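Number of protein chains: 2
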Amino acid sequence: MPGPSAQSHPVVVDPAQLLRDTGLQVTAQRLAVLRAVTASPHGTADEVEALVRADIGAVSRQAVYDALAILGDKGLIRRIQPSRSSARFESRVGDNHHHLVCRACGITVDVDCAVGERPCLHASDDHGFVIDEAEVIYWGLCPACRTIEP
Amino acid sequence: MPGPSAQSHPVVVDPAQLLRDTGLQVTAQRLAVLRAVTASPHGTADEVEALVRADIGAVSRQAVYDALAILGDKGLIRRIQPSRSSARFESRVGDNHHHLVCRACGITVDVDCAVGERPCLHASDDHGFVIDEAEVIYWGLCPACRTIEP
DNA sequence: TCTAATTCTTGACTCAGTCCACAATCGGGC
DNA sequence: GCCCGATTGTGGACTGAGTCAAGAATTAGA
C-alpha cells in the first residue's frame, strides 16, 4: 500500500546489493539465509538451516549461524528470543514492531508498535543507561489454545 | 512507601507459610531457593544453585531447576530471559516492573512500570489472543560500558 | 507412628550454540 | 580474464543450559 510518504530505499531492493551496501561480501549462503528468514518469519536457526539446505543444496551449521549473526549485527535481520524458546529471526526490521507469543503453543505473531519510533517507550528511570530499544513481548493464549486449555 | 491502598498479604510473610498457602510441600531446598532468589535478584540457575549449596550444604541441580520451575508456575518468583542470556530469576513479583539490560556487560536492573497494572500495555491488535502480560526489556548501554565503548 | 504421595538425588542425555584449523570463495588490481 | 590476499565456509569436536528417568529420601495427613 504505497502512501504519500515513500520509503527511503527503492521499492524492490536487490538482496545482493543490500549486502554490498552494508560492506558485506556477497555469498550464496548469505543470500539463501536472507531468503529463508524472509520466507519464514520467526524461524529458528534450525529451520533456517533446513530452508537454506533445501534452497542451495548444502550449508554448514556454522555458516548459518555466522550469517544470522552478521546480518543481525548489520541490522538486516532481527533476532528475538522469547523465554524457553531458542532464538528466532525475522527480516522485518526498522519499524520497531513487537511480538505476541502464545504461552501454550509458542506461536509468534507480529504486532505493530502503536508509537512507531524507537525506542517507542520511555523508562520511568533510565539509571544512567543510554537506551536504544524497547523490546515488548505480549504473553497470552492464542485463539486455538484458548479453546483447548481450561 | 506505604500508600492508601495496602497490599493484600501481611507485611512479612513466612516463606514456609507462603509455600503451604500455594499448595506446595515445604522442603529445605525450596526454602533455600526462595532465599537465594531474593538475596540475589536476576541470578542465573547456576548462581542460585551455588547460593543454595552455600546455604544448606548440598543440592542437586535438578532440585534447583524443579524448585525454580514450580515457584515460577505458582507466581512466587519470576523468570526472565533476555536474548543471549540464560534464564534469570527474581522474587519481586506482582508489581509488573520491567528490565533494563546493558548490551555490553549484560547487567540487568529493575525499572518501575509507569502504568502499574498488568498487562500495562495494550497491543494495537491482539489477533484474538488473550493477553495477560506485557514484558518489556529496555536495551542500551550502562554508565560504565558507555565510557569504555566508543 | 505409619503410609502414600511428593520431592530429591544421581547420572545419562539432548539441544542450541561455539571454537578451531583448514579449504573454498570473493573481488579488487593487473 | 586471471591472480592473490582477505574474507567466508566446512567439518568435527566441544561447551553449557536444561531435561529425562529410576530409585531413594522426605513430607504431611490418617
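As they're listed, the protein sequences go chains A and B. With the first letter of the first sequence counted as 1, position 111 gets the number 117 in the working numbering; the numbers rise by one all the way through. With the first letter of the second sequence counted as 1, position 107 gets the number 113 in the working numbering; the numbers rise by one all the way through. Where a beta carbon is used, it is the ideal one built from N, C-alpha and C, also for glycine. As the structure is a computational prediction, the values presented were derived from the model and not from experiment.
Note to self: As an exercise, report each continuous alpha helix (DSSP H) stretch of at least 4 residues that is fully enclosed by the region 71–144 of chain B, in chain order.
What the structure shows: none
Margin query: Below 9 Å on C-beta distance, what does isoleucine 143/B contact in chain A?
Written below: Glu139, Ala140, Glu141, Val142 and Ile143
Note to self: Run through chain B and tell me which residues come within less than 8 Å of aspartate 118/A, C-beta to C-beta.
What the structure shows: Ser130 and Asp131
Notebook entry, point to check: How about the region 132–152 of chain B and the region 96–107 of chain B: do they share at least three Cβ pairs that are nearer than 8 Å?
Noted result: yes
Margin query: At the level of alpha carbons, what is the spacing between histidine 133/A and tryptophan 145/B?
Written below: 12 Å
Note to self: For threonine 50/A, list the residues DSSP reports as bridge partners.
What the structure shows: Arg94/A
Checklist line | As assigned by DSSP and simplified to three states, the class of leucine 147/B | finding: strand
Check: Comparing the C-beta of cysteine 111/B with each C-beta of chain A, is any distance below 9 Å?
Finding: no
Item checked: Short CB-CB distance (under 9 Å) between proline 47/B and chain A -> no
Next item on the list: Please report the residue range of the alpha helix (DSSP H) in which alanine 42/A lies.
Entry: 34–45
Check: Is the beta carbon of leucine 82/A less than 9 Å from the beta carbon of leucine 24/A?
Finding: yes
Item checked: aspartate 20/A, DSSP secondary structure in three states -> coil
Next item on the list: Could you tell me which chain A residues have their CB closer than 9 Å to the CB of leucine 147/B, listed as they occur along the chain?
Entry: Phe135, Val136, Ile137 and Asp138
Next item on the list: Going by CA-CA distance only, name the one from Arg94/A, Val117/A, Leu106/A and His128/A that's closest to leucine 106/B.
Entry: His128/A
Note to self: Would alanine 45/A and leucine 74/A be called neighbours here (beta carbons separated by less than 9 Å)?
What the structure shows: no
Notebook entry, point to check: If you check the beta carbons only, do proline 88/B and glutamine 35/A fall under 9 Å apart?
Noted result: no
Next item on the list: Return the chain-ordered list of same chain residues with a C-beta closer than 8 Å to the C-beta of valine 70/A, the five sequence neighbours on each side being excluded.
Entry: Gln35, Val39, Ala51, Val54, Glu55 and Val58
Notebook entry, point to check: valine 115/B touches chain A at which residues, Cβ-Cβ below 7 Å?
Noted result: His133
Check: Would you say glycine 9/B faces chain A, with C-beta separation under 9 Å as the test?
Finding: Unreliable placement is indicated for glycine 9/B, whose pLDDT of 38 sits below 50; no coordinate value is reported for it.
Note to self: So, at 7 Å on beta carbons, what are the nonlocal neighbours of proline 125/A in its own chain, with the 5 sequence-adjacent residues on each side left out?
What the structure shows: Ile137, Asp138, Glu139 and Ala140
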